[in-house]
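Using my numbering, the letters of the sequence shown map in sequence onto residues 6 to 545.
Ideal Cβ positions, reconstructed from N, Cα and C, are used throughout, including at glycine.
Everything below concerns the one structure shown next.
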Amino acid sequence: MSRRGHSDEDREPLLGGESLKRESQNESDVSFERTPDSTESRSCNKPVLNYEEAVEKAGFGLFHGLLLLVCGWANASDAVEILCVSFLLPTARCDLQLSSADMGLLTASIFLGMMIGGYMWGYLADQNGRQKVLGISLAVNGTFGAVASLATSFWLFLLLRFLSGVGVGGSIPVIFSYFSEFQPRLRRGAMISALATFWMAGNILAAGAAWLVIPSTFLHVDLGWLDFQSWRVFVVLCSIPSLTSALIFRLAMPESPRFLMEAGMEEEALNVFQLMYKLNHRGSCNPYTASGLSINPKDGEDKMESSRICRGCQHLILLFKQVLAPVRQLFVRPLVSRSIALLIIFFCISFGYYGLWMWFPELFRRAEDGGSPCANMSQPQSKENQSCYPVKTAVYMEGFVTAASNLPGNIFTILLMDTVGGKILLSGSLLVSSLSVFLIYVVKTKSQSLIMSCVFSGVSVISWNALDVVGTELYPTQLRSSALGFFTGVGRVAAIMGNVVFGQLVDTNCAVPVLLVSVLLLVGGIAALKLPSTKQMDLT
């Protein structure tokens, strides 16, 4: 189906979009032109606006606040679903009979799904729109996440977490593309940083729910064929944010105006700008006036050619080549140098952050008897010697404290992103993160380990926030979601490797994975210096 073939219901924007469309047509009596040289539009004294001008004219206010809440909740839901597994490991390992290697595979499974889903959903979002893809991917995430609570074996649980990861892989890159395309240029960095802080909110939500629910073993229900322990209740709770986000996106959110302009849907794009203007200028009697929206004719031709190619695809090999086309564009001039740098950064930070972060609850559990997280790992721990009950509440308290330590880093990035710039924040925070991980290995007591884990948490979140901003601004609209999908896919490969390495070595040689994380973060910080500055730049 072509983009012009969407139903009216699919196109209806947030908060009464159809009535707004009729109102705008009656009040503004607009006619749409493809180029800014229209004599008719000049004679009516109504400007033809390009994308950045249209966004600026729509203003900044209530609409952007509502958008931040909706997209932020979706971002938080992804964090909850990803981190869910790390919090249930100290208890679920007994019920599912997990070795350390099994736990490594389990934490890696969601990243394998994210790797596959990231590029697939990113490509679909660039071709068919952000809003619909977000609704579907979030629904896939929440549905399979909830069903995983009923798994009776390790391999079934592994499969369901993988399928949940396919949904997560789509929503993360598309959320940031979608959100950024509503933001005025001078506020884009701060707003994307604010959106990124909701990852911290999801992290705290997951840690808090784990702290409250998993130690409450009285919540278990005997279903006969399954002893539904408290950790399974926690898994169900973790799926609720994704399912509610999917419902909101499907029923209430408009399509990205930038995508609509690139797709040749100027009327629909103008309706979205009118909605933004109406919510941001409540009480104003002045309508949003424009005789049309201008787009780059070459972009329009590229879109039309892409549609012709898609309609003409008869064989799987042709479709496969079309899907890979955006990746090839990332590695030609003038994008090749930034793409290589981002490739290195995404690999290093994903291996380091997810490889270490997903294991924090298990590391804290193993340090309960005192010493550093690596102190009690000289000998492999057999399944028979593992003890899961009674649940040690301190493990989840420490996880909650570590998650909450994200807050200073998030505040820091919101305040300084638009003044310092994402490049400097990204490089500096990666270098400090590298040092903090090295100190996690060096320290000798449990309390010192907790402090350094909090430092790593607070500093590494700056890296992620800066990477979200920089990655969004470095690529044009027709490549943005595909680029983020590809690079996050690379990050998923790194996250898989990190979790497998930890699972294989955490019992026998803890120094190797920990010090490897420190080195990779150092390499990522150096690579970030090679990126161009994106401070307050226009989206292309």
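Cut-off 6 Å between Cβ atoms - residues of its own chain near THR418, not counting five sequence neighbours on either side: Taken in chain order, the residues that qualify are SER198, ILE467 and ASN470.
Candidates LEU101, THR407 and SER458, of which the one nearest THR157 by Cα: LEU101
Beta-carbon spacing of GLN76, ALA211 below 8 Å: Reading the sequence as shown, one finds Cys at residue 76 and not Gln. No, Cβ-Cβ distance for CYS76 and ALA211 is not below 8 Å.
According to DSSP, residues forming a beta bridge with ASP232: In the DSSP secondary-structure assignment, ASP232 is bridged to ASP227.
Element boundaries [alpha helix (DSSP H), containing GLU478]: Residues 451-478.
Own chain residues within Cβ distance below 6 Å of LEU129, not counting five before or after: Cβ neighbours of LEU129 beyond the five flanking positions: VAL138.
Buried/exposed call for LEU25, threshold 16 Cβ in 10 Å: Bear in mind that a pLDDT of 40 at LEU25, under 50, signals an unreliable position, so the number given afterwards is only what the model happens to contain. By the neighbour-count rule (16 or more Cβ atoms within 10 Å), LEU25 is buried.
Local conformation of TRP364 per DSSP, three classes: coil
Cut-off 7 Å between Cβ atoms - residues of its own chain near ALA153, not counting five sequence neighbours on either side: In its chain, beyond the 5 residues on either side, PHE162, LEU165, ARG166, SER169 and VAL240 have a beta carbon closer than 7 Å to the beta carbon of ALA153.
At least three beta-carbon pairs within less than 8 Å, the segment 434-447 to the segment 185-195: no
Rounded Cβ spacing between ILE219 and LEU74 (contact assumed at less than 8 Å): With 8 Å as the limit, ILE219 and LEU74 do not qualify as a contact, their Cβ atoms being about 28 Å apart.
Neighbourhood of VAL238 by C-beta, 7 Å cutoff - its chain only, sequence neighbours within 5 removed: Excluding sequence positions up to five before and after VAL238, its CB lies within less than 7 Å of the CB of VAL218 and LEU224, all in the same chain and listed in chain order.
Beta-carbon gap between CYS2 and VAL528 smaller than 8 Å: Residue 2 lies beyond the stretch modelled for the chain, which goes from 6 to 545, so this question has no answer here.
Extent of the continuous alpha helix (DSSP H) to which ARG193 belongs: 193-218
Where SER158 sits in the DSSP three-state scheme: DSSP places SER158 in the coil class of the three-state scheme, outside both helix and strand.
Reduced DSSP secondary structure (H/G/I, E/B, other) of ASP512: coil
Contacts around ALA409, its chain only, beta-carbon distance under 7 Å, and the 5 residues preceding and following it disregarded: ILE209
Coil, strand or helix - ASN276 by DSSP: Taken through DSSP and simplified to helix, strand or coil, ASN276 comes out as helix.
Rounded C-alpha distance that separates LYS283 from LEU361: 46 Å
Among ASN55, PRO178 and ASN146, the one whose alpha carbon lies nearest that of LEU252: ASN146
Under 8 Å between C-beta atoms of ALA500 and PHE116: yes
Nearest candidate by alpha-carbon position, reference PHE369, set ILE349, GLY404 and LEU340: GLY404
Three-way DSSP call (helix, strand, coil) for LYS535 in this model: coil
N- and C-terminal bounds of the alpha helix (DSSP H) containing LEU76: Position check: residue 76 holds Cys in this sequence, whereas Leu was assumed. Run containing CYS76: 67-100, per the alpha helix (DSSP H) assignment.
Pick from MET120, LEU110 and SER91 that is closest to PHE491, judged by C-alpha positions: MET120
ALA59 versus LYS428: straight-line alpha-carbon distance, rounded: 28 Å
Close beta carbons around VAL105, own chain, < 6 Å, minus the five adjacent residues each side: One point to set straight first is that residue 105 is Ser, not Val, in the sequence displayed. The residues are GLY508, VAL511 and ASP512.
Short Cβ contact (8 Å threshold) for LEU200 with PHE184: Yes; because the gap between Cβ atoms is below 8 Å, this pair is in contact.
Neighbourhood of LEU534 by C-beta, 7 Å cutoff - its chain only, sequence neighbours within 5 removed: SER432
Test item: CB-CB of SER247 and LEU143 under 8 Å: Yes.
Residue from ALA516, LEU412 and TRP160 whose Cα sits closest to the Cα of PHE461: Looking at the Cα atoms, LEU412 is the closest of the given residues.
ALA113 versus VAL425: straight-line alpha-carbon distance, rounded: 35 Å
Own chain, CB closer than 7 Å to LEU436, minus 5 neighbours either side, in chain order: LEU527 and GLY530
Cβ pair LEU484, LEU335 closer than 8 Å: Yes, the pair counts as a contact, with Cβ atoms nearer than the cut-off.
Residues near SER465 by beta carbon distance below 6 Å, same chain, minus five either side: TYR358 and SER438
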